[in-house]
Amino acid sequence: MKIKRIAVALGAAFSIMAFAANPANVSASERTKIVFWHEMTGPAQVELKRLVNEFNKHQDKYEVEAEFEGDYNEAVQKILNTHGTDASPAVFQAMDISSAQMYYSKHTTPVQKFIDEDGYDVSQISSVARAFYSKDFDAVQLFAARALL
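If you use mature numbering (1 follows the signal peptide of the UniProt record, and there is no 0), the sequence shown corresponds to residues -20 to -1, 1 to 129, in order.
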């Protein structure tokens, strides 16, 4: 379970890193700020911080601010309570067991919608994360992965 949790977190982080294209040449104040709430602790939090720092360092369009929002239950309740307000983040990472609650909140959209619209190459996403979030383990359709709107 711990390995799966880290793999999912890394998959989410790598998805964020997919936006990277050019080395950073501008100050953080000139970048688009992306507030990213997460629930990671321990080694997963350390790795997530490293990935976010690498992302910020290697491109100049966005500045991701990863913010720990408490344990899984606290973070999910916080996102549900702040959705649609200025306090809500641009990106939220939730544990897989929160998927149903997030789905039924009607605050999310399947990530597949954005993949299809942008023609995103899903091979850039960890095969473990693709399989985990895919319908019938079809690594093309990211069925369960959802984006907060």
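For every residue, glycine included, the Cβ atom is placed at its ideal position computed from N, Cα and C.
Quick one: give me the first and last residue of the alpha helix (DSSP H) that residue i is part of.
i: residue 83; result: 79 to 84
i: residue 29; result: 22 to 37
i: residue 52; result: 52 to 62
i: residue 111; result: 107 to 112
Give me, in chain order, the residues of the same chain whose beta-carbon lies closer than 7 Å to that of residue i; leave out the 5 immediate sequence neighbours on both sides.
i: residue 42; result: -2, 11, 12, 14
i: residue 51; result: 19
i: residue 44; result: -5, 14, 16, 32, 35, 36
Exposed or buried, residue i, counting other C-beta atoms within 10 Å across all chains shown (16 or more means buried)?
i: residue 36; result: buried
i: residue 38; result: exposed
i: residue 23; result: exposed
i: residue 74; result: buried
i: residue 30; result: exposed
i: residue 84; result: exposed
So the beta strand (DSSP E) residue i belongs to, where does it begin and stop?
i: residue 95; result: Here residue 95 belongs to no beta strand (DSSP E); instead the alpha helix (DSSP H) covers 91 to 98.
i: residue 15; result: 12 to 18
i: residue 46; result: 42 to 48
Quick one: residues in its chain with C-beta nearer than 8 Å to the C-beta of residue i, no 5 flanking neighbours on either side, listed in chain order?
i: residue 1; result: Note that residue 1 scores 39 on pLDDT, short of 50, meaning its location in the model is unreliable; the coordinates nonetheless yield the value given after this. Hits under 8 Å: 39, 41.
i: residue 47; result: 15, 16, 17, 18, 69
i: residue 25; result: 18, 48
Please list, in chain order, all residues of the same chain as residue i whose beta carbon is under 6 Å from its beta carbon, the five residues on each side excluded.
i: residue 78; result: 56
Determine, for residue i, whether the minimum Cβ-Cβ distance to residues of chain D falls below 8 Å.
i: residue 53; result: No chain D is present in this structure, which holds just one protein chain.
Quiz prompt | the region 53 to 63 / the region 14 to 33 touching (three or more Cβ pairs under 8 Å) | solution = Yes: the two stretches touch, three or more of their Cβ pairs being nearer than 8 Å.
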